[in-house]
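S.K.: Just so you know, the sequences run in chain order X and E. So the first sequence is numbered by my numbering: it starts at 1 and just counts up by one. So the second sequence is numbered by my numbering: it starts at 114 and just counts up by one.
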Amino acid sequence: TAGITQAPTSQILAAGRSMTLRCTQDMRHNAMYWYRQDLGLGLRLIHYSNTAGTTGKGEVPDGYSVSRANTDDFPLTLASAVPSQTSVYFCASSDPPNTGELFFGEGSRLTVL
Amino acid sequence: GQNIDQPTEMTATEGAIVQINCTYQTSGFNGLFWYQQHAGEAPTFLSYNVLDGLEEKGRFSSFLSRSKGYSYLLLKELQMKDSASYLCAVSPDGGATNKLIFGTGTLLAVQP
Chain X
1 TAGITQAPTS QILAAGRSMT LRCTQDMRHN AMYWYRQDLG LGLRLIHYSN TAGTTGKGEV
61 PDGYSVSRAN TDDFPLTLAS AVPSQTSVYF CASSDPPNTG ELFFGEGSRL TVL
Chain E
114 GQNIDQPTEM TATEGAIVQI NCTYQTSGFN GLFWYQQHAG EAPTFLSYNV LDGLEEKGRF
174 SSFLSRSKGY SYLLLKELQM KDSASYLCAV SPDGGATNKL IFGTGTLLAV QP
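1. In chain X, which residues lie with their C-beta within 9 Å of the C-beta of E/Phe146?
2. If we define contact as Cβ-Cβ less than 8 Å, is X/Ser94 a contact residue for chain E?
3. Should the stretch 27 to 36 of chain X be called in touch with the stretch 90 to 105 of chain X, which here means at least 3 C-beta pairs below 8 Å?
4. What is the C-beta distance between X/Ile12 and X/Phe103, in whole angstroms, given that I count them as a contact (C-beta under 8 Å)?
5. Using a cut-off of 9 Å between C-beta atoms, extract the partners of X/Phe90 located in chain E.
6. To the nearest whole angstrom, what separates the beta carbons of X/Glu101 and E/Phe158, a pair I think is in contact under 8 Å?
7. What did DSSP end up calling X/Lys57 once you bin it into helix, strand or coil?
8. Quick check on E/Ile117: buried or exposed, where buried means 16 or more other Cβ atoms within 10 Å of its Cβ?
9. When burial is assigned at 16 or more other CB atoms within 10 Å of the CB, is E/Asp195 buried or exposed?
10. Using a Cβ-Cβ distance cut-off of 8 Å, determine whether X/Pro75 contacts chain E.
11. Determine, using beta carbons only, whether E/Gly207 and E/Cys135 come nearer to each other than 8 Å.
12. For X/Leu38, collect the residues of the same chain with a Cβ closer than 7 Å to its Cβ; drop the 5 residues on either side in sequence, then sort them by chain order.
13. Could you check which residue in X/Phe90, X/Val66, X/Gln85 has the C-alpha nearest to that of X/Ala14?
14. Determine the closest residue to X/Gly16 out of X/Asn70, X/Val82, X/Leu41, X/Tyr89, with distance taken between C-alpha atoms.
15. Compare the beta carbon distance of E/Val203 and E/Thr139 with 8 Å and say whether it is the shorter of the two.
16. Check the Cβ of E/Ala209 against every Cβ in chain X and list those closer than 7 Å, keeping chain order.
In C-alpha cells, the structure reads:
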C-alpha cells in the first residue's frame, strides 16, 4: 500500500523561483495537511483541507498556497521562494478527518539558496 | 496561546524503562497523540489518548491527565531501534479536520 506519496524527495531551489511540492494519497481520506519541520521548532501546520474543493490556513501559511481539486491530490506551491522556506515538508492525511491519526508522507527536503 | 513542552533529549539503557513527559496548554482539547520519528523518516503514529488514564499497547503505554495538562509515554524493555524522536501532539478543537499542534520532540538515545 503506497499511502501518501510526495515528490520530489529533495530539491535545491534558487531564491525567487517558484516550486510545487506534490502530494498524492490512495487512502481516500478527506482531510489532508501540509506541515514543515525545522530544527528546534517541530512540525508546524502550513495549510489544510477537510475535503475536495476546500482549503484553510494553518499556523504558518505566508508564502505558500494549496489547492484541492480532488480527494487524492494536495499540492503545495511556493510562488517566490525565500531562504527561510528551507525546510522539510511533510504531507499528511487523516481519517476520520476530525479525530483520526495523521498518516505522513516521507517528506520533501527543500533548500532555497 | 498554544504551548506544548517536552524534554529536548533523553538517554536510556537497552532493556530499561523510560518515561517521556509532555505538558500542554492549548485553547481547546480533543485528544493527545504520540508519534515516533526516526532520523530522516516520516513520523509514525504510536498512541492516542482522549480520556484520563493509561493506554497500553505492547511495550508502549501512554498516560493522560486532562486536569493537569499532562501526558507521558512509557517505553519498556528498550531496544536499540527505539532510538528516535518522540513527538507529543494535541488536537485542539473538534473541527472538521485534525489540526494537530506538535511539540518540538524528545530525542531518545538508547545505549547498549
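Here a beta-carbon is modelled for each residue, glycine too, at the ideal position from N, C-alpha and C. Keep in mind that this is a model prediction, so the values were computed, not measured.
M.R.: Straight from the coordinates:
1. For a Cβ distance threshold of 9 Å, residue set Glu101, Leu102 of chain X lies close to E/Phe146, ordered along the chain.
2. It does; some Cβ of chain E falls within 8 Å.
3. The stretch 27 to 36 of chain X is in contact with the stretch 90 to 105 of chain X.
4. The C-beta separation of X/Ile12 from X/Phe103 comes to about 28 Å, leaving the pair out of contact by the 8 Å criterion.
5. Ala155, Pro156, listed in chain order.
6. Between E/Phe158 and X/Glu101 the Cβ distance is about 4 Å, and since that is below 8 Å, they are a contact.
7. In this structure, X/Lys57 counts as strand in the three-state DSSP scheme.
8. By the neighbour-count definition (other C-beta atoms within 10 Å, threshold 16), E/Ile117 is a buried residue.
9. Here E/Asp195 is buried. Its C-beta has 16 or more other C-beta atoms within 10 Å.
10. Cβ-Cβ to chain E under 8 Å: no for X/Pro75.
11. In this structure, E/Gly207 sits away from E/Cys135, with a CB-CB distance that is not shorter than 8 Å.
12. Reading off the sequence shown, one finds Asp at residue 38 of chain X, where the question assumed Leu. Answer for X/Asp38: Ser87, listed in chain order.
13. It is X/Gln85.
14. Comparing Cα-Cα distances from X/Gly16 to each of X/Asn70, X/Val82, X/Leu41, X/Tyr89, the minimum goes to X/Val82.
15. Result yes, Cβ atoms of E/Val203 and E/Thr139 sit closer than 8 Å.
16. Neighbours of E/Ala209 in chain X, taken as residues whose beta carbon is under 7 Å from its own, are Asn50, Pro97, Asn98 in chain order.
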